[in-house]
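In UniProt numbering, the protein residues as written are 1 to 522.
Each remark here refers to the structure printed beneath this line.
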């Protein structure tokens, strides 16, 4: 069905719970506390506030946006935790942003984002057909790493799950094997693995040999064979704070939402006059009828471990079992000369460790563009995903070595930057992204919990829809709001996704045959 929120005629609407349109219809207006002001927290707060619920958002950092935040460094330049792509099939995230920006004017399109490898081979997405499976076939046939004989050599039956994803069933098929093993088993050419699939898997901050093959297949479904939105995406036209969160905060303020930043939540108990009492590190408490824990993985583990009132051991074990992906480094450089005009705004890299991508921010971000014009220079950002740690050197020395190697890669890929001087720089080193490891899907906590009125949200939380990364965060945030709203007899908000199963019937049949006939797996 067509919904008007995307181009794909097969967008799936997941209906919202029915109920009263506004909390004014209730005998008492509920109060909800949302812990965390990232994508998931903003979606939950929006879903609740639009139904008349009184909402307080408590955020540990001084800035909003979670892992999609930006802030000002001491040199009066804008910094963030790195590049984020706003794909057209991120329906629930884009619906959230449209609340404050109906035309999404704060986003600008990037028509292409090339991929390169250590041998100089280059792929891209410009001009691909949108309709599956022709989009994937065209990409493969024009790729320098995928020859026609490679297509003929594929184990089609073994590869069928890639093209016939069904969520959540794909996890029972492939969650027990890592992505690298799966791609080898289907005879996917090594060069194409490194240039295409490795680039995508590392966007999950995971190495292919550690990432669940079910997550890889779901990702392939979302971006290729499950959607006709295409692989083009948008990026914010200004810093995340200016383009995304300041407008959305103002929108929520109009709905009475209170934001409290720089406040860490330590515990949730059930001893107050309302259903929950939220404790802060300052000693202050806030009582609430409902709570959304929309923190990162470490924050969720910490709060639950400290909340003895949340005494459901199997659920506590699920939360405690959540793990983080390896650390990553974002290095932003303000250079005294521009990069070549023909360089793309975003370039993904495979086999060029530790470099995963290069962004030329002054091509699209207002603050970076203003700086570049004033200084006749450029603003370049380098990413090292899944950078890991080293036991033989201190962390500070490891990060310093990563910085040196990233800059060396920049000089190699963009030689015109060799004579450039670094006017200023900023780095972000974090290890707080959720891990999507082998066999972990079944043990992830879901949005609902054993406690009425307490829900969790975030991109590490399980939701049985074909969504990933920021879209998973937004989807779980909306779903968390819907769970609380339903408990109060209030109407929820619909969710949208690409189709929940593969679009090509013969490939679905092959996948089913593979499921029945497989023996010891891959």
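The beta carbon of each residue, even a glycine, is placed where N, CA and C say it ideally should be.
> Just checking, does the region 21–37 make contact with the region 51–60 on the three C-beta pairs under 8 Å criterion?
Replying inline: The way I'd put it, the region 21–37 does touch the region 51–60; three or more beta-carbon pairs between them come closer than 8 Å.
>> Taking only three categories from DSSP, how would you classify residue 58?
In response: In the structure shown, residue 58 sits in a strand (DSSP, three-state: E or B).
> Are residue 96 and residue 43 closer than 7 Å when you measure CB to CB?
Replying inline: In this structure, residue 43 lies closer than 7 Å to residue 96 by Cβ.
>> Can you check which of these residues, 65, 118 and 449, is closest to residue 352 by C-alpha distance?
In response: For residue 352, the closest C-alpha among the options 65, 118 and 449 is that of 118.
> Hey, out of 101, 364, 14 and 334, whose CA is closest to residue 84's CA?
Replying inline: Measuring from the Cα of residue 84, the nearest candidate turns out to be 364.
> Exposed or buried, what is residue 103 when buried is set at 16 or more other beta-carbons lying within 10 Å of its beta-carbon?
Replying inline: Of the other Cβ atoms in all chains shown, fewer than 16 fall within 10 Å of the Cβ of residue 103; this residue is therefore exposed.
>> Distance check for residue 124 and residue 144, CA to CA, integer angstroms please.
In response: Rounded to whole angstroms, the gap between the alpha carbons of residue 144 and residue 124 is 10 Å.
> Whole beta strand (DSSP E) runs in the region 85–144 with 3 or more residues, listed along the chain?
Replying inline: Runs of the beta strand (DSSP E) inside the region 85–144: 107–110 and 115–117.
> Going along the chain, which residues of its own chain have a beta-carbon closer than 7 Å to the beta-carbon of residue 146, five neighbours each way excluded?
Replying inline: Hits under 7 Å: 140, 189 and 192.
> Hey, out of 492, 488, 394 and 437, whose CA is closest to residue 205's CA?
Replying inline: The shortest Cα separation from residue 205 among 492, 488, 394 and 437 belongs to 437.
> Alpha carbon to alpha carbon, what distance is there between residue 222 and residue 14?
Replying inline: Each residue's Cα considered, the two are about 16 Å apart.
>> If contacts are defined as beta-carbon pairs under 8 Å, then residue 497 and residue 456 qualify, I think. What distance do you get, rounded to the angstrom?
In response: The beta-carbon distance between residue 497 and residue 456, rounded to whole angstroms, is 20 Å. This is too long to meet the 8 Å contact definition.
> For residue 16 versus residue 493, is the C-beta spacing smaller than 7 Å?
Replying inline: Result yes, Cβ atoms of residue 16 and residue 493 sit closer than 7 Å.
> What are the boundary residues of the beta strand (DSSP E) that residue 79 is part of?
Replying inline: Judged by DSSP secondary structure, residue 79 falls within the beta strand (DSSP E) whose first and last residues are 78–80.
> What's the gap between the Cα of residue 479 and the Cα of residue 80?
Replying inline: Taking C-alpha positions only, residue 479 is separated from residue 80 by approximately 27 Å.
> What residues in its chain sit with their C-beta under 8 Å from that of residue 348, if we drop five residues either side in the sequence?
Replying inline: Excluding residues within five positions, the ones whose Cβ falls inside 8 Å are 113, 114, 115, 116, 199, 356 and 357.
> Start and end of the beta strand (DSSP E) containing residue 495?
Replying inline: Counting along the chain, residue 495 sits inside the beta strand (DSSP E) bounded by residues 495–497.
>> According to DSSP, is residue 276 part of a helix, a strand, or is it coil?
In response: Here DSSP, grouped into helix, strand and coil, assigns residue 276 to strand.
> Any idea what DSSP makes of residue 248, helix, strand or coil?
Replying inline: Residue 248: helix per DSSP, three-state reduction.
> For the putative contact between residue 361 and residue 339, defined by C-beta atoms under 8 Å, what is the C-beta separation to the nearest angstrom?
Replying inline: That belief does not hold up - the Cβ atoms of residue 361 and residue 339 are roughly 11 Å apart, past 8 Å.
> Cα-Cα, which of 481, 166 and 441 is closest to residue 177?
Replying inline: Answer by Cα proximity: 441.
> Is the distance from the Cβ of residue 214 to the Cβ of residue 155 below 7 Å?
Replying inline: Judged by their CB atoms, residue 214 and residue 155 are not nearer to each other than the 7 Å cut-off.
> The beta strand (DSSP E) with residue 180 in it runs from where to where?
Replying inline: Judged by DSSP secondary structure, residue 180 falls outside any beta strand (DSSP E) and instead within the alpha helix (DSSP H) spanning 179–185.
> So residue 52 packs on residue 29, CB below 8 Å; how close in whole Å?
Replying inline: Contact between residue 52 and residue 29 holds: CB atoms are separated by about 7 Å, below the 8 Å threshold.
> Does the distance from the C-beta atom of residue 461 to that of residue 449 stay below 7 Å?
Replying inline: Contact flag unset, no.
>> Quick check: what's the CA-CA separation for residue 473 versus residue 203?
In response: Using only the alpha carbons, I get a separation of about 15 Å.
> Straight-line CA distance for residue 131 to residue 94?
Replying inline: Spanning the two alpha carbons is a distance of roughly 21 Å.
> Opposite residue 358 in the DSSP bridges: which residues?
Replying inline: Paired residues: 347 and 382.
> To which residues of the same chain is residue 432 closer than 8 Å at the C-beta, ignoring the five residues directly before and after it?
Replying inline: Answer for residue 432: 67, 296, 297, 298 and 324, listed in chain order.
> Which same chain residues, not among the five before or five after residue 367, have their C-beta less than 7 Å away from its C-beta?
Replying inline: In its chain, beyond the 5 residues on either side, 78, 238 and 239 have a beta carbon closer than 7 Å to the beta carbon of residue 367.
> In three-state terms, what does DSSP make of residue 417?
Replying inline: Here residue 417 sits in helix by DSSP.
>> Give me, in chain order, the residues of the same chain whose beta-carbon lies closer than 7 Å to that of residue 180; leave out the 5 immediate sequence neighbours on both sides.
In response: 208 and 209, listed in sequence order.
>> So for residue 299, helix, strand or coil by DSSP?
In response: It is helical.
> For residue 256, which of 136, 488, 46 and 321 has the nearest alpha-carbon?
Replying inline: Taking only the C-alpha atoms, the option nearest residue 256 is 46.
> Excluding sequence positions up to five away, which residues of its chain have a Cβ less than 6 Å from the Cβ of residue 444?
Replying inline: Cβ-Cβ distances below 6 Å link residue 444 to 462 in the same chain, with the five nearest sequence neighbours on each side left out; the list follows chain order.
> Do residue 410 and residue 417 have their C-beta atoms within less than 7 Å of each other?
Replying inline: Less than 7 Å separates the beta-carbon of residue 410 from that of residue 417.
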